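Notes for the one structure printed next.
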Amino acid sequence: MNYFSSNFKLGILGGGQLGKMMLYDTRKFDIYTCVLDPSADAPSRLACDEFTVGDLLDYDTVINFGKNVDVLTFEIENVNVDALESLEKRGVKVFPSAKTLRIIQNKATQKLFYRDNEIPTADFSRFAYTSEIDEAVDNGGLSYPFVWKSARFGYDGTGVKVVRGLSDLTDLPNVECITETLIPFKNELAVIVARNEQGDIKTYPVVEMEFHPEANQVEYVICPARIPDDIAKKAELVALKTAEAYKHVGLLAVEMFQTENDDILVNEVAPRPHNSGHYSIEASYTSQFEQQLRCILGLPLGNTESKVAGVMVNLVGAENHTGNVVYKNIEDILAMDGVTPHIYGKKQTRPFRKMGHVTIVNEDIAVARDIAEKVKRTIEVISE
1 MNYFSSNFKL GILGGGQLGK MMLYDTRKFD IYTCVLDPSA DAPSRLACDE FTVGDLLDYD
61 TVINFGKNVD VLTFEIENVN VDALESLEKR GVKVFPSAKT LRIIQNKATQ KLFYRDNEIP
121 TADFSRFAYT SEIDEAVDNG GLSYPFVWKS ARFGYDGTGV KVVRGLSDLT DLPNVECITE
181 TLIPFKNELA VIVARNEQGD IKTYPVVEME FHPEANQVEY VICPARIPDD IAKKAELVAL
241 KTAEAYKHVG LLAVEMFQTE NDDILVNEVA PRPHNSGHYS IEASYTSQFE QQLRCILGLP
301 LGNTESKVAG VMVNLVGAEN HTGNVVYKNI EDILAMDGVT PHIYGKKQTR PFRKMGHVTI
361 VNEDIAVARD IAEKVKRTIE VISE
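Each residue of the sequence shown is one higher than the last, beginning at 1 in the UniProt record's numbering.
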(Lines of atoms letter the chains of each structure in order from A and count residues from 1; the text may use other names and numbers.)
(Lines give C-alpha, C1' and ligand atoms only; values in the text may rest on other atoms or scores of the structure.)
Protein backbone atom coordinates (compact mmCIF):
# COMPACT_ATOMS: atom_id res chain seq x y z
CA MET A 1 0.00 0.00 0.00
CA ASN A 2 1.14 3.55 -0.67
CA TYR A 3 1.04 5.51 2.59
CA PHE A 4 2.90 8.60 1.42
CA SER A 5 1.18 11.55 -0.32
CA SER A 6 -1.78 9.27 -1.03
CA ASN A 7 -5.43 8.63 -0.11
CA PHE A 8 -4.39 6.40 2.80
CA LYS A 9 -5.80 7.59 6.16
CA LEU A 10 -4.27 6.90 9.58
CA GLY A 11 -6.60 7.34 12.56
CA ILE A 12 -5.31 8.18 16.04
CA LEU A 13 -7.53 7.85 19.11
CA GLY A 14 -6.37 10.54 21.51
CA GLY A 15 -4.96 13.94 20.68
CA GLY A 16 -2.65 14.54 23.64
CA GLN A 17 1.10 15.11 23.60
CA LEU A 18 1.88 11.57 22.43
CA GLY A 19 -0.35 12.05 19.41
CA LYS A 20 1.17 15.47 18.78
CA MET A 21 4.69 14.03 18.75
CA MET A 22 3.61 11.15 16.46
CA LEU A 23 2.28 13.81 14.08
CA TYR A 24 5.80 15.31 13.78
CA ASP A 25 6.59 12.15 11.82
CA THR A 26 3.35 11.77 9.86
CA ARG A 27 4.00 15.30 8.56
CA LYS A 28 7.59 14.33 7.73
CA PHE A 29 6.27 11.38 5.69
CA ASP A 30 3.16 13.23 4.40
CA ILE A 31 0.77 10.62 5.80
CA TYR A 32 -2.87 11.81 6.04
CA THR A 33 -4.02 11.73 9.67
CA CYS A 34 -7.37 11.89 11.47
CA VAL A 35 -7.45 12.46 15.25
CA LEU A 36 -10.29 11.97 17.76
CA ASP A 37 -10.11 13.63 21.18
CA PRO A 38 -12.68 14.81 23.74
CA SER A 39 -11.07 18.26 24.05
CA ALA A 40 -11.39 20.95 21.37
CA ASP A 41 -8.03 22.31 22.64
CA ALA A 42 -6.12 19.00 22.41
CA PRO A 43 -2.39 19.41 21.56
CA SER A 44 -2.79 17.40 18.31
CA ARG A 45 -5.50 19.60 16.80
CA LEU A 46 -3.14 21.76 14.73
CA ALA A 47 -0.86 19.08 13.28
CA CYS A 48 -3.37 16.56 11.87
CA ASP A 49 -5.38 16.72 8.63
CA GLU A 50 -8.77 16.07 10.27
CA PHE A 51 -9.59 16.72 13.93
CA THR A 52 -12.80 15.42 15.52
CA VAL A 53 -14.07 16.20 19.03
CA GLY A 54 -15.64 13.15 20.67
CA ASP A 55 -15.68 10.73 23.60
CA LEU A 56 -13.06 7.96 23.25
CA LEU A 57 -15.13 5.67 25.51
CA ASP A 58 -18.35 6.05 23.50
CA TYR A 59 -18.95 3.04 21.23
CA ASP A 60 -20.76 4.88 18.40
CA THR A 61 -18.28 7.78 18.39
CA VAL A 62 -15.30 5.44 18.00
CA ILE A 63 -17.10 3.36 15.31
CA ASN A 64 -18.06 6.43 13.27
CA PHE A 65 -14.52 7.77 13.48
CA GLY A 66 -12.75 4.46 12.83
CA LYS A 67 -14.82 3.29 9.85
CA ASN A 68 -13.38 6.12 7.75
CA VAL A 69 -9.69 5.27 8.23
CA ASP A 70 -7.46 2.46 6.91
CA VAL A 71 -5.33 1.89 10.01
CA LEU A 72 -6.33 2.89 13.55
CA THR A 73 -3.99 3.34 16.49
CA PHE A 74 -4.23 5.04 19.89
CA GLU A 75 -2.08 7.17 22.17
CA ILE A 76 -4.08 6.44 25.33
CA GLU A 77 -5.43 3.15 26.70
CA ASN A 78 -8.80 4.47 27.90
CA VAL A 79 -10.74 3.89 24.69
CA ASN A 80 -13.79 1.73 23.85
CA VAL A 81 -12.40 -1.76 23.14
CA ASP A 82 -15.75 -3.17 22.00
CA ALA A 83 -15.74 -0.57 19.22
CA LEU A 84 -12.18 -1.55 18.24
CA GLU A 85 -13.22 -5.22 17.99
CA SER A 86 -16.19 -4.28 15.77
CA LEU A 87 -13.93 -2.17 13.53
CA GLU A 88 -11.48 -5.09 13.18
CA LYS A 89 -14.39 -7.28 12.01
CA ARG A 90 -15.22 -4.61 9.41
CA GLY A 91 -11.69 -4.83 8.03
CA VAL A 92 -10.12 -1.79 9.68
CA LYS A 93 -6.60 -2.62 10.83
CA VAL A 94 -6.24 -1.75 14.53
CA PHE A 95 -2.71 -1.73 15.98
CA PRO A 96 -2.02 -2.67 18.70
CA SER A 97 -5.00 -5.06 18.52
CA ALA A 98 -8.21 -4.81 20.54
CA LYS A 99 -7.27 -8.15 22.16
CA THR A 100 -3.93 -6.75 23.39
CA LEU A 101 -5.55 -3.55 24.65
CA ARG A 102 -8.32 -5.45 26.50
CA ILE A 103 -5.69 -7.35 28.52
CA ILE A 104 -3.60 -4.27 29.26
CA GLN A 105 -6.49 -1.89 30.07
CA ASN A 106 -7.27 -3.78 33.27
CA LYS A 107 -4.37 -4.18 35.70
CA ALA A 108 -5.88 -7.38 37.13
CA THR A 109 -6.07 -9.10 33.72
CA GLN A 110 -2.62 -7.71 32.89
CA LYS A 111 -1.14 -9.33 36.01
CA LEU A 112 -2.94 -12.65 35.33
CA PHE A 113 -1.49 -12.56 31.81
CA TYR A 114 2.05 -12.36 33.27
CA ARG A 115 1.33 -15.25 35.61
CA ASP A 116 -0.11 -17.39 32.77
CA ASN A 117 2.88 -16.64 30.51
CA GLU A 118 5.53 -17.13 33.23
CA ILE A 119 6.64 -13.50 33.03
CA PRO A 120 8.27 -12.46 36.33
CA THR A 121 6.14 -9.97 38.29
CA ALA A 122 5.37 -9.07 41.92
CA ASP A 123 2.91 -11.32 43.78
CA PHE A 124 -0.61 -9.90 43.76
CA SER A 125 -4.22 -10.38 44.84
CA ARG A 126 -7.28 -9.10 43.00
CA PHE A 127 -10.42 -7.66 44.56
CA ALA A 128 -13.80 -6.76 43.08
CA TYR A 129 -13.93 -3.79 45.48
CA THR A 130 -11.41 -1.96 47.67
CA SER A 131 -13.73 -2.54 50.66
CA GLU A 132 -12.89 -6.27 50.53
CA ILE A 133 -9.23 -5.62 51.44
CA ASP A 134 -9.99 -5.06 55.18
CA GLU A 135 -11.35 -8.59 55.45
CA ALA A 136 -8.32 -10.06 53.66
CA VAL A 137 -6.02 -8.29 56.15
CA ASP A 138 -8.15 -9.46 59.13
CA ASN A 139 -8.06 -13.06 57.86
CA GLY A 140 -4.28 -12.97 57.49
CA GLY A 141 -4.43 -13.34 53.70
CA LEU A 142 -2.79 -9.94 53.24
CA SER A 143 -0.35 -7.98 55.39
CA TYR A 144 0.92 -4.39 55.38
CA PRO A 145 2.68 -2.78 53.62
CA PHE A 146 1.43 -3.39 50.07
CA VAL A 147 0.74 -1.42 46.89
CA TRP A 148 -2.90 -0.73 45.99
CA LYS A 149 -3.71 -0.19 42.30
CA SER A 150 -7.04 0.61 40.70
CA ALA A 151 -7.70 -1.98 37.98
CA ARG A 152 -8.94 0.66 35.52
CA PHE A 153 -8.27 4.28 34.54
CA GLY A 154 -5.05 4.87 36.45
CA TYR A 155 -2.34 7.05 34.86
CA ASP A 156 0.69 9.16 35.87
CA GLY A 157 0.62 8.09 39.48
CA THR A 158 -3.15 8.30 39.96
CA GLY A 159 -4.82 5.04 40.93
CA VAL A 160 -1.70 3.85 42.80
CA LYS A 161 -0.99 4.08 46.53
CA VAL A 162 1.41 2.45 48.99
CA VAL A 163 -0.74 1.20 51.88
CA ARG A 164 1.16 0.99 55.17
CA GLY A 165 -1.85 0.74 57.51
CA LEU A 166 -5.63 0.85 57.80
CA SER A 167 -5.78 4.67 57.61
CA ASP A 168 -4.23 4.58 54.11
CA LEU A 169 -7.26 2.63 52.84
CA THR A 170 -9.92 5.08 53.99
CA ASP A 171 -9.76 7.61 51.14
CA LEU A 172 -9.32 5.11 48.30
CA PRO A 173 -12.16 4.70 45.78
CA ASN A 174 -14.24 1.53 46.21
CA VAL A 175 -13.40 0.01 42.81
CA GLU A 176 -12.02 -3.16 41.24
CA CYS A 177 -8.37 -3.26 42.26
CA ILE A 178 -5.28 -5.31 42.92
CA THR A 179 -2.81 -5.35 45.78
CA GLU A 180 0.84 -6.10 45.11
CA THR A 181 3.71 -7.10 47.34
CA LEU A 182 5.83 -4.00 48.01
CA ILE A 183 9.10 -4.76 46.22
CA PRO A 184 12.36 -3.35 47.64
CA PHE A 185 14.15 -2.37 44.45
CA LYS A 186 17.42 -0.76 43.38
CA ASN A 187 16.13 0.70 40.13
CA GLU A 188 13.05 1.25 38.04
CA LEU A 189 13.91 0.37 34.45
CA ALA A 190 12.06 0.41 31.14
CA VAL A 191 12.57 -1.13 27.72
CA ILE A 192 10.60 -0.12 24.64
CA VAL A 193 10.04 -3.02 22.26
CA ALA A 194 9.08 -2.38 18.62
CA ARG A 195 7.29 -5.12 16.65
CA ASN A 196 5.65 -5.02 13.21
CA GLU A 197 2.99 -7.27 11.64
CA GLN A 198 5.66 -9.47 10.04
CA GLY A 199 7.02 -10.27 13.52
CA ASP A 200 10.26 -8.28 13.15
CA ILE A 201 11.25 -7.10 16.61
CA LYS A 202 13.77 -4.64 18.08
CA THR A 203 14.43 -3.17 21.52
CA TYR A 204 15.58 0.30 22.52
CA PRO A 205 18.35 0.50 25.14
CA VAL A 206 17.35 -0.02 28.77
CA VAL A 207 16.51 3.28 30.47
CA GLU A 208 16.52 4.13 34.15
CA MET A 209 13.72 6.16 35.70
CA GLU A 210 14.01 8.46 38.69
CA PHE A 211 10.66 9.27 40.31
CA HIS A 212 9.28 12.29 42.16
CA PRO A 213 8.62 10.95 45.69
CA GLU A 214 5.31 12.80 46.22
CA ALA A 215 3.67 12.88 42.78
CA ASN A 216 4.68 9.29 41.85
CA GLN A 217 5.66 10.68 38.43
CA VAL A 218 8.88 10.16 36.50
CA GLU A 219 11.26 13.09 37.05
CA TYR A 220 14.22 11.91 34.97
CA VAL A 221 14.63 9.22 32.31
CA ILE A 222 18.29 8.29 31.79
CA CYS A 223 19.57 6.49 28.68
CA PRO A 224 21.57 4.35 28.86
CA ALA A 225 20.64 3.09 32.33
CA ARG A 226 23.61 3.17 34.72
CA ILE A 227 23.51 -0.59 35.37
CA PRO A 228 25.87 -3.52 34.62
CA ASP A 229 25.64 -5.07 31.14
CA ASP A 230 24.37 -8.40 32.47
CA ILE A 231 21.42 -6.70 34.23
CA ALA A 232 20.64 -4.72 31.07
CA LYS A 233 20.66 -7.94 29.04
CA LYS A 234 18.36 -9.62 31.57
CA ALA A 235 15.91 -6.68 31.38
CA GLU A 236 15.99 -6.76 27.58
CA LEU A 237 15.21 -10.51 27.52
CA VAL A 238 12.26 -10.07 29.94
CA ALA A 239 10.91 -7.23 27.76
CA LEU A 240 11.24 -9.37 24.61
CA LYS A 241 9.48 -12.30 26.29
CA THR A 242 6.64 -9.96 27.33
CA ALA A 243 6.27 -8.52 23.82
CA GLU A 244 6.32 -11.98 22.23
CA ALA A 245 3.61 -13.16 24.64
CA TYR A 246 1.32 -10.29 23.62
CA LYS A 247 2.22 -10.70 19.92
CA HIS A 248 1.40 -7.02 19.70
CA VAL A 249 2.03 -4.79 16.68
CA GLY A 250 3.43 -1.38 17.58
CA LEU A 251 5.46 -0.20 20.54
CA LEU A 252 5.28 -1.88 23.92
CA ALA A 253 6.87 0.01 26.81
CA VAL A 254 7.78 -2.51 29.52
CA GLU A 255 8.35 -0.99 32.96
CA MET A 256 10.38 -3.16 35.33
CA PHE A 257 11.91 -3.30 38.81
CA GLN A 258 15.51 -4.34 39.40
CA THR A 259 15.24 -5.93 42.86
CA GLU A 260 17.86 -5.91 45.60
CA ASN A 261 18.78 -9.43 44.41
CA ASP A 262 19.08 -8.24 40.78
CA ASP A 263 15.95 -10.06 39.68
CA ILE A 264 13.91 -8.31 36.98
CA LEU A 265 10.14 -8.05 37.61
CA VAL A 266 7.63 -6.55 35.18
CA ASN A 267 5.65 -3.76 36.83
CA GLU A 268 3.29 -2.86 33.98
CA VAL A 269 3.26 -2.17 30.24
CA ALA A 270 1.93 0.51 27.88
CA PRO A 271 1.02 -0.44 24.27
CA ARG A 272 2.01 2.91 22.75
CA PRO A 273 4.76 5.54 22.71
CA HIS A 274 5.73 6.20 26.31
CA ASN A 275 7.28 8.81 28.58
CA SER A 276 10.35 6.57 28.95
CA GLY A 277 11.07 6.95 25.21
CA HIS A 278 10.83 10.73 24.78
CA TYR A 279 14.62 11.06 24.91
CA SER A 280 14.71 9.21 21.56
CA ILE A 281 13.56 12.26 19.55
CA GLU A 282 17.00 13.84 20.05
CA ALA A 283 19.18 10.94 21.16
CA SER A 284 18.25 7.98 18.90
CA TYR A 285 18.70 7.18 15.23
CA THR A 286 14.95 6.47 15.08
CA SER A 287 12.60 8.20 17.51
CA GLN A 288 9.96 6.07 19.22
CA PHE A 289 7.25 8.01 17.35
CA GLU A 290 8.68 7.27 13.91
CA GLN A 291 9.16 3.66 15.02
CA GLN A 292 5.49 3.40 16.02
CA LEU A 293 4.54 4.40 12.46
CA ARG A 294 6.99 1.89 10.98
CA CYS A 295 5.50 -0.85 13.19
CA ILE A 296 1.81 -0.24 12.49
CA LEU A 297 2.32 0.33 8.75
CA GLY A 298 4.41 -2.84 8.30
CA LEU A 299 7.49 -0.88 7.24
CA PRO A 300 11.09 -1.94 8.01
CA LEU A 301 11.99 -1.15 11.63
CA GLY A 302 14.47 1.68 12.19
CA ASN A 303 17.77 1.63 14.08
CA THR A 304 17.02 1.73 17.83
CA GLU A 305 20.56 2.60 18.93
CA SER A 306 21.38 5.93 20.54
CA LYS A 307 23.60 8.46 18.75
CA VAL A 308 24.40 10.07 22.08
CA ALA A 309 23.53 9.73 25.77
CA GLY A 310 20.23 11.36 26.72
CA VAL A 311 18.33 12.44 29.83
CA MET A 312 14.70 13.51 29.78
CA VAL A 313 13.17 15.83 32.37
CA ASN A 314 9.39 16.06 32.67
CA LEU A 315 7.95 19.57 32.88
CA VAL A 316 4.99 19.43 35.23
CA GLY A 317 2.82 22.16 36.67
CA ALA A 318 4.21 23.72 39.85
CA GLU A 319 2.33 23.22 43.10
CA ASN A 320 -0.08 26.04 44.00
CA HIS A 321 -0.34 27.16 40.37
CA THR A 322 -3.55 26.76 38.34
CA GLY A 323 -4.45 28.81 35.27
CA ASN A 324 -2.85 30.20 32.11
CA VAL A 325 0.61 28.68 31.81
CA VAL A 326 3.94 30.55 31.89
CA TYR A 327 7.29 28.79 31.32
CA LYS A 328 9.50 30.82 33.64
CA ASN A 329 13.26 30.94 32.80
CA ILE A 330 12.88 28.95 29.56
CA GLU A 331 15.46 31.24 27.90
CA ASP A 332 17.99 30.21 30.58
CA ILE A 333 17.67 26.53 29.80
CA LEU A 334 17.84 27.20 26.04
CA ALA A 335 21.27 28.74 26.72
CA MET A 336 22.55 25.41 28.10
CA ASP A 337 24.39 22.98 25.79
CA GLY A 338 22.41 20.08 24.35
CA VAL A 339 19.06 21.20 25.79
CA THR A 340 15.82 20.92 23.77
CA PRO A 341 12.44 21.76 25.33
CA HIS A 342 9.20 20.22 24.02
CA ILE A 343 6.11 22.22 24.96
CA TYR A 344 2.92 20.18 24.62
CA GLY A 345 0.48 22.99 23.87
CA LYS A 346 -1.70 22.80 26.97
CA LYS A 347 -2.80 26.36 27.76
CA GLN A 348 -3.87 25.62 31.35
CA THR A 349 -1.50 24.41 34.05
CA ARG A 350 -2.33 22.72 37.34
CA PRO A 351 -0.16 21.02 39.98
CA PHE A 352 1.76 18.04 38.56
CA ARG A 353 0.03 18.20 35.14
CA LYS A 354 2.43 17.10 32.36
CA MET A 355 3.03 20.26 30.34
CA GLY A 356 6.17 19.34 28.40
CA HIS A 357 9.56 17.71 28.65
CA VAL A 358 13.17 18.68 28.10
CA THR A 359 15.82 16.44 26.51
CA ILE A 360 19.48 16.87 27.41
CA VAL A 361 22.03 15.15 25.16
CA ASN A 362 25.75 14.78 25.77
CA GLU A 363 28.54 12.31 24.94
CA ASP A 364 28.85 11.70 28.71
CA ILE A 365 25.76 10.47 30.58
CA ALA A 366 27.06 11.93 33.88
CA VAL A 367 27.35 15.40 32.31
CA ALA A 368 23.87 15.08 30.79
CA ARG A 369 22.46 14.12 34.21
CA ASP A 370 24.13 17.18 35.85
CA ILE A 371 22.71 19.52 33.20
CA ALA A 372 19.30 17.87 33.65
CA GLU A 373 19.37 18.78 37.33
CA LYS A 374 20.21 22.40 36.45
CA VAL A 375 17.28 22.39 34.00
CA LYS A 376 14.98 21.03 36.71
CA ARG A 377 16.09 23.70 39.15
CA THR A 378 15.87 26.54 36.61
CA ILE A 379 12.62 26.22 34.64
CA GLU A 380 9.28 26.60 36.41
CA VAL A 381 5.84 25.84 35.02
CA ILE A 382 3.65 28.44 36.72
CA SER A 383 0.41 30.32 36.10
CA GLU A 384 0.07 34.00 35.21
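By construction, the Cβ of each residue, glycine as well, lies at the ideal position given by its N, Cα and C atoms. Values in this document were obtained by computation on a predicted structure and should not be read as measured data.
Leaving aside the five residues that flank E50 on each side, the residues in its chain whose CB is nearer than 6 Å to its CB run, in chain order, C34.
The Cβ atoms of V313 and E363 lie no closer than 8 Å to each other. By a beta-carbon distance limit of 8 Å, V94 does not contact K67. Their separation comes to about 12 Å. DSSP links Q258 through a beta bridge to N187 and I264.
Non-local C-beta neighbours of Y285 in its own chain, meaning closer than 8 Å and more than five positions away in sequence, comprise G302, N303, T304, E305, S306 and K307, ordered along the chain.
Residues of the same chain with a CB within less than 8 Å of the CB of F127, apart from the 5 flanking positions on each side, are I133, A136, E176, C177, I178 and T179 in chain order. Here R195 is not near V238, since their CB atoms are 8 Å or more apart. Sequence-distant partners of V266 (beyond 5 residues in either direction) whose C-beta falls short of 7 Å from its own C-beta, in its chain, are Y114, I119, P120, T121, V238, T242, V254 and M256. The DSSP-derived three-state label of M312 is strand.
With fewer than 16 other CB atoms across the displayed protein chains lying within 10 angstroms of its CB, L166 is exposed. The Cβ atoms of R353 and V316 lie closer than 8 Å to each other. Taking each of G345, A151, S143 and A366 in turn and checking the Cα distance to K107, the smallest one comes out for A151. For C295, the uninterrupted alpha helix (DSSP H) segment begins and ends at Q288 to I296.
For G310, the number of other beta carbons within 10 angstroms of its own is at least 16, and it is reported as buried. A straight-line Cα-Cα distance of about 10 Å links E373 and E219. Under the three-state reduction of DSSP output, M355 falls in the strand class. Under the DSSP assignment, D37 falls in the beta strand (DSSP E) whose first and last residues are Y32 to D37. Taken through DSSP and simplified to helix, strand or coil, Y114 comes out as helix.
The Cβ atoms of G14 and I76 sit closer than 8 Å to each other. Counting only the Cα atoms, E384 lies some 10 Å from T349.
Nearest to E188 by alpha-carbon distance, out of K9, I264, L87 and K233, is I264. Between the alpha carbons of T378 and Q217 lies a distance of about 19 Å. Nearest in C-alpha terms to K9, of all of M21, F153, D37 and F29, is F29. In this model, E282 and E85 are separated by some 36 Å (Cα to Cα).
Per DSSP, the unbroken alpha helix (DSSP H) holding L23 starts and ends at Q17 to F29. From the listed residues F4, V269, T100 and P205, the smallest Cα separation to D229 is found for P205.
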